[in-house]
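What the sequence shown shows, in the numbering used here, is residues 4 to 170, in sequence order. Beta carbons: idealized from backbone N, C-alpha and C, even for Gly. As the structure is a computational prediction, the values presented were derived from the model and not from experiment. In what follows, a structure is listed as structure tokens, so that the remarks can point back to it.
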Amino acid sequence: MKYKEIDPRELQENPIKMIADDWALLATGNEENHNAMTISWGTIGELWSKEVAIVFVRPTRHTFGLMESSDYFSLNFMGDEHKSAHRVFGSKSGRDMDKFEATGLKPAYHNGHIYVDEAETVIICKKVAFQDINPAGFIDKGIEDLYPIKDYHRMYVGEIVSVLKKA
């Protein structure tokens, strides 16, 4: 697919809608070992004088190990025609199957960093920090209900290095 690289500040879409409502595929790894998973929690903004994307991955997910061993990740925003793929990427494990093959989506690479070739918008990030979510910091005690097996997310902060828009 053909893309145009744009400045992150040129993104016209609402980042809350992009992540919470439309969802994204978080992809990481390399050509030999990669995976993607559906995410609906995260944010895009500025932190530490850097344009960043912040994503959350539970340690029980196959993608967690790949995030740990990779320096880069991408957020891939798909069109509505790929909602069924989101269901596969969100409910199946890359330990058990090749989700790209199962959905017909294709991994692609920009400057050596994985993204999903069918995405409308791609945000490629270089990891700059991580932090484990500590339930002791939950002021709203209802948040604890989202963790019935206590598998608290790890938060990854990625500096945005490229934004690709489908041409």
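Specify, as a first and last residue, the run of the beta strand (DSSP E) that A170 falls within.
As a first step, residue 170 must be located in the sequence shown, where it is residue number 167. Segment: none, A170 is in no beta strand (DSSP E) and carries neither H nor E.
CA-CA distance, K5 and I126?
Counted from its first residue, the sequence shown places residue 5 at position 2. Counted from its first residue, the sequence shown places residue 126 at position 123. One C-alpha to the other measures close to 15 Å.
Within this structure, are the beta carbons of E54 and E162 separated by less than 9 Å?
Locating residue 54 in the sequence shown gives position 51, where the first residue counts as 1. Locating residue 162 in the sequence shown gives position 159, where the first residue counts as 1. Cβ distance < 9 Å, so E54 and E162 count as in contact.
Starting from A27, trace the beta strand (DSSP E) both ways and give me its first and last residue.
Against the sequence shown, residue 27 aligns to sequence position 24. Residues A27 to G32.
Looking only at DSSP bridge pairs, what is L78 linked to?
One-based indexing of the sequence shown puts residue 78 at position 75. DSSP lists L29 and I126 as partners of L78.
State the Cα-Cα distance for the pair I57 and L78, rounded to the nearest angstrom.
Your numbering for residue 57 matches position 54 in the sequence shown. Your numbering for residue 78 matches position 75 in the sequence shown. One C-alpha to the other measures close to 10 Å.
For M100, is the classification buried or exposed, using 16 other Cβ atoms within 10 angstroms of its Cβ as the cut-off for buried?
Within the sequence shown, the letter at position 97 stands for residue 100. By the neighbour-count rule (16 or more Cβ atoms within 10 Å), M100 is not buried but exposed.
Can you grab the Cα-Cα spacing for the pair T31 / C128, in whole Å?
Residue numbering aside, residue 31 sits at position 28 when the sequence shown is read from its first letter. Residue numbering aside, residue 128 sits at position 125 when the sequence shown is read from its first letter. Roughly 10 Å between the two C-alpha positions.
Exposed or buried, what is A27 when buried is set at 16 or more other beta-carbons lying within 10 Å of its beta-carbon?
Reading the sequence shown from its first residue, position 24 is the one you call residue 27. Answer is buried; the Cβ neighbour count reaches 16.
Out of P151, E34 and D24, which has the shortest C-alpha to C-alpha gap to T41?
Residue numbering aside, residue 41 sits at position 38 when the sequence shown is read from its first letter. Checking every option, the nearest Cα to that of T41 belongs to D24.
Along the chain, where does the beta strand (DSSP E) containing A111 start, and where does it finish?
Residue 111 sits at position 108 when you count from the first residue of the sequence shown. Taken as a continuous stretch (DSSP letters only), the beta strand (DSSP E) holding A111 covers P110 to H113.
Could you give the first and the last residue of the continuous alpha helix (DSSP H) run that contains H65?
For this step, residue 65 is matched to residue 62 along the sequence shown. H65 to S72 is the span of the alpha helix (DSSP H), which, as asked, contains H65.
When you compare only the Cα positions, how much space is there between A139 and F67?
One-based indexing of the sequence shown puts residue 139 at position 136. One-based indexing of the sequence shown puts residue 67 at position 64. The alpha-carbon atoms of A139 and F67 are separated by roughly 22 Å.
Can you give me the C-alpha to C-alpha distance between F59 and I22, rounded to a whole angstrom?
One-based indexing of the sequence shown puts residue 59 at position 56. One-based indexing of the sequence shown puts residue 22 at position 19. Roughly 12 Å separates the two Cα atoms.
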